[in-house]
Every structure is written in structure tokens, then in C-alpha cells.
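Scroll down for the structure; my scribbles are underneath it.
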Amino acid sequence: MPATTLEQVVALAKRRGFVFPSSEIYGGLQGVFDYGPLGVELKNNIQSDWWRTNVYERDDMEGLDAAILMNRLVWKYSGHEETFNDPLVDCRNCKSRWRADHIKGKCPNCGSTDLTEPRPFNMMFKTQVGPVADSDSFAYLRPETAQGIFANFANVLATTSRKLPFGVAQIGKGFRNEINPRNFLFRVREFDMMEIEYFVMPGTDEQWHEHWLEARLSWWAGIGVPRDQIQVYDVFKADLAHYSKRTYDLMYNYPTLGYQEIEGIANRTDFDLGSHSRDQDKLGLTAKVIPNPDSLARLTYFDQASNRHVVPFVVEPSAGVGRCFLAVMSEAYDEQIVKAPPAEKVEAVAQALQAFLKSVGRNEKLAAETRDALLERGEAIAAALPEALPQIETLLAMPGADQIEVGKKLRGQAQPVADEHFRTVLRFVPKIAPVKAAVFPLKRNHEGLVGTAKGIRKALQKTGMRTVYDDTGAIGRLYRRQDEIGTPFCITVDFQSLEDGTVTVRDRDSMAQERVASGELESYLREKIG
Ligand code: GAP
């Protein structure tokens, strides 16, 4: 059964070391996360696939890695100082602060409707540059990587002799002082962005906008986020960012959250290059730019066909890596029955679940919202037994569940059935799986088996495929552990391996096993991984 709630995905991400809260030993820092040993592999794989597709597999792209800190004038003329604001309201009752457009006139903390009028809050972080702390010595942490590309437009053009249309791709950190970071990696204050600024002749921008929409949807499908899980939202004129003539938001259907923006594809017109240029009145700009007496450059392109300088239009596909990571994990998540649990065991779990829900319903110490959330979740699980049985673990991890005495009994009934009859599996597209193969010896105290298994791990790892060795449990248990982190192939070295040099390779999705000569493992895996 696929993930029905974000909590299932979050619980797995934390349990298996994909993602940790930042600075957890000091209570964390809201809206900031660290990628753990498996998370960093998955994130790197997503980023390299994006880079490969957009830079190497096209012939019209260059890459860039601009600094996070930039002259603050960049943010003046980009329009961010003036307009990169969210509407903020204060609750007069409990003094909490919220984004006005997220709360529908009622404080989510105390329920009061006594709120201040919305006022703009600029989301750029400031930091001091150099030893003197005065009003001129600060810089912003960039809220988008795009400006590093615009500021280097003339440098890239001069050093690569590119002709329009061409694009510049960049992956890097962005920072936004979100008023209410929430939903795990979905809305955070520090995140990685994958951005393309694609420069085109004015007049061809709309056609390129459509091209990039299709190109991006195809990339998402290729990393396991299918077209039917994404809605394309044509942003209303009134809601467009200050630089945009038209924007398509790709909305992914996240568990719990529903359709939310995963990527924006904007037609930024000639706004940015025009705004950062001097002599703006001579450039024939179409965008309403900010008058710029500070720029040292004209960010134009000489068009030989028409023998004139033009300011290119820009199409910008921009995606956050964290939102992508969460979508990829949500799509891959599956809880599968591997061996049908006996009816009487399921019935015992169902009864324990009913007793738990009854107790929740009667418990007056629980806040109404907590109780309703537990009941809603629990009833959904009860209705979908036995398939939903492994979700009892996430139910018992919800706020308030620890106050229900019979919760322990429910766990005692459910856990052994979940362990024996189900597996959680992340069905990643193999090319982005954090670990490509795991190697096990059939017996951990047999020198020949262990030595061969370790040798195979080393040889595969040397080819660039992340491969791990494990001998800390029975083979069945080791398979489950790898399924849970999405490893597409498990290789077992047994006594036959010592005789004929073959090993068993077990496929994560079909669980089918076949014997492969160890000398052919690399080509076998490469062909399957693609
Ligand atoms: N340069 C264009 C730009 O920055 P955006 O729509 O503000 O556009 C681009 O951001 C993408 O960055 C979004 O589609 C989303 O995937 C991601 N993103 C934006 N704010 C985020 C946040 N606070 N936390 C995580 N990801 C975020």
C-alpha cells in the first residue's frame, strides 16, 4: 500500500537516517534539517541526474556555481528588497506570528480571531560582512540562486561564445526566513535549489516556456514522479512574482498535504537582465524595471542577424531539492504483504485497535484536535486492515497516543504481525537509489564467505556504485533492511559461490533471485540500473 500520510514517510526518513533535525542535541533549529548517510546519497543522485539531463544531455547549456553572498545592490535591482515579502499577522491574544495567507483569519495556536492587520515581512536573511557592524556592512543570504546567473550573464557569454538560445544551470543553497516553516522538508529556511535561466530571443519566449514545461515533466517522470501525480497550474496574473509574465507551477500530490508546488517555471521576460543594466532607456526593454544608476554593465546580446543589441528574455525552471526529495520518497514508499497474515491474528489486531480508539474517544485529558486526529487516523487504518496494519506504528507515534494505556497492547499485537508478514519498501528508480547493492555472506563466521563477500563489495564500490556489506542478521532480515532503504539489489555469497564463483542476486521489487557469475556482476547491475 502506498503512503497515505506524510508521517509514514517522515518516520522512515528519520528512522533510517535519511534526514535529521539540525542541531538536535540543542533542541534543533526550526525549519532547518540535515541530510544523513542515506539522505546525502539520495540528494546527490537527484542533483546529478538533474545536472546530467539538463547540462550534459543538451547542447545548449552551461553550468555555474556562484557565491551565496553577493553585493547587496543585486537584491535592490532584482526587486527582492522591495517585494520579497510575506504578509505577516500577530495574534493579539497569544502573541504568536503567522503568515496571513496560511491561517484564514484564525490563530492556529489559540483559536483567537483577534489578529493585527497584515504587514509585509521581508524574508531575506542578513549577515554582517567584515568586522564593522554598521548599516552599510551587511549582505543578504541569497533567497534564489538565479541572481548569480544574471550577474554573470556577460561573463558566461564572453567566455563561451554561446548564441541564443542557451541556458545556464546552477544548484546551490537558498535561504528564506519563512514565518512558519512546516511539513518537514517542504517549507524550510535553508534549502538547495536547482535552477535554470534559459536565455532566448524576445518573441520566442512563449514557445520556449512550453518547451521547458514538457522537458521538466519528462524529467520528473524519469526520477519516479509520474505525470498523473502532477498538476500544471497556470498562475493567476494577480499572483505572479514581480518579474514574471507567466508562470506554470508544477503541483505534486503529496500525501497529507495534497497538491503543492514542487517547481515553478517562469517567463521572467527581460526584467532581470534589464534591471541589472545601465542605460536602460536605450535597451528597448519591455519589462517595468527599476532605474539603475549603479550598474557598470549593459547585459545585452549582439544579434548578428538583425545587427543590433537585444536584451534576451529568460525562461526559468526552478525546483527545490528538498521538495523533490520528499516527493521521490513519497512515490517510492510502499508497505506490502509478503505472506498473508492468518485471519485470527488480524482479528486480534483489529480488536486491540478498536479498544485503543474507544479509549481515545473517552479520554478527556486530550485536546479536542489531538483526539480527533487520532480517531480519524485510527478509523482509516481500521477500515483498511489488513493492508494498513503497518501504519499502526505511525498512529502510535502521533501526539497524544502515548497517553492511551491500551496503546501498549495494540503495539504488542500489531508489531510482530507487521514484522513477520509485511515489508516496507522504497521502490526508487534504481539510478537514484542511495545504495545500489548490498552484499551478504550466508554465514558471518565463515572466513571464505566473508572474504568473498567483502571482495565483491569493494570491487563494485570501485566502479562508482554505492555498495554496502552487512552480516549483522539472518539473510531474510537483511533483505528487509535493504528494502526499507530502497536498495535495488542484494547479493548473497553462499557455499556454491565458493565452488563455482556464482552468487544469488535478489531483485528488490519482484523479490526474484537468480544466479550470476561474480565476474559479471558489474555489467549485470549496470544494465539493470541504467
Ligand atoms: N528563482 C525562482 C524562485 O525562487 P520560487 O517559486 O520562489 O521561485 C522555487 O522557488 C522552488 O524552490 C519552489 O518551487 C520550491 O520547490 C522551492 N522552495 C521555495 N521556497 C521553499 C522553502 N521555504 N522550503 C523548501 N523549498 C522551497
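Each number in this note's numbering corresponds to the 1-based position in the sequence shown with 993 added.
Yeah, the Cβ is synthetic: ideal placement off N, Cα and C, and Gly gets one too.
Here the structure is a predicted model, which means the values were calculated and not measured.
Bounds of the alpha helix (DSSP H) holding residue 1317 are 1314-1325. Annotation note: the segment 1388-1447 contains the following uninterrupted alpha helix (DSSP H) runs of length 4 or greater, listed N- to C-terminal: 1400-1414. Check the Cα spacing between residue 1519 and each of 1454, 1081, 1493: the tightest is with 1454. Nearest in C-alpha terms to residue 1240, of all of 1176, 1219, 1311, is 1311. Residue 1507 has its CB no nearer than 6 Å to any heavy atom of the ligand GAP. Counting of Cβ neighbours within 10 angstroms places residue 1269 among the buried residues, the total reaching 16 or more. Cα atoms of residue 1139 and residue 1043: separation of roughly 16 Å, rounded to the nearest angstrom. Of the heavy atoms belonging to the ligand GAP, none sits nearer than 6 Å to the Cβ of residue 1318.
Taking the Cα positions, residue 1230 is about 25 Å away from residue 1173. Inclusion of residue 1137 in the 6 Å shell around the ligand GAP follows from its C-beta lying nearer than that to a non-hydrogen atom of the ligand.
Taking all protein chains in view, the Cβ of residue 1456 is surrounded by fewer than 16 other Cβ atoms within 10 Å, so the residue is classified as exposed. Residues 1130 of the same chain have their beta carbon placed closer than 7 Å to that of residue 1123, with the five preceding and five following residues left out of the count. By the criterion of at least three beta-carbon pairs nearer than 8 Å, the segment 1053-1061 is in contact with the segment 1145-1156. Rounded to whole angstroms, the gap between the alpha carbons of residue 1459 and residue 1426 is 9 Å. Within its own chain, the residues whose Cβ lies closer than 6 Å to the Cβ of residue 1194, once the five positions on either side in sequence are excluded, are 1157, listed in chain order.
Ranked by how close their Cα comes to the Cα of residue 1436, the residues 1467, 1205, 1367, 1092 have 1467 in first place. Straight-line measurement puts the Cα of residue 1509 at about 10 Å from the Cα of residue 1485. Beta-bridge partners of residue 1252 (DSSP): 1246. Proximity of the beta carbon of residue 1440 to the ligand GAP is not indicated: no heavy atom of the ligand is located closer than 6 Å.
With a cutoff of 7 Å on beta-carbon distance, residue 1021 and residue 1014 are scored as near each other. Cβ contact annotation for residue 1330 (same chain, cutoff 8 Å, sequence separation greater than five): 1379, 1380, 1414, 1415, in chain order. Judged by beta-carbon spacing, residue 1279 lies beyond the 7 Å limit of residue 1296, meaning their Cβ atoms are not closer than that value. Under the 10 Å beta carbon count, residue 1392 is surrounded by fewer than 16 other beta carbons and is classified as exposed. As DSSP reads the structure, residue 1014 sits in a beta bridge with 1026. Counted as a single uninterrupted DSSP element, the beta strand (DSSP E) harbouring residue 1188 occupies residues 1183-1193. As DSSP reads the structure, residue 1161 sits in a beta bridge with 1055, 1190.
Note on geometry: alpha-carbon atoms of residue 1180 and residue 1257 lie some 15 Å from one another. Take the alpha-carbon of residue 1238 and the one of residue 1483: they are about 50 Å apart. Annotation: residue 1479 to residue 1075 spans about 45 Å, alpha carbon to alpha carbon.
Rounded to the nearest whole angstrom, the C-alpha separation of residue 1341 and residue 1481 is 34 Å. Counting other Cβ atoms within 10 Å of its Cβ, residue 1098 stays below 16 and is therefore classed as exposed. The C-beta distance from residue 1210 to residue 1223 rounds to 7 Å, short enough to fall under 8 Å. For residue 1228, DSSP assigns no beta-bridge partner whatsoever.
In the DSSP annotation of this structure, the continuous segment of the beta strand (DSSP E) that includes residue 1081 starts and ends at 1078-1083. Judged by DSSP in its simplified three-state form, residue 1337 adopts helix.
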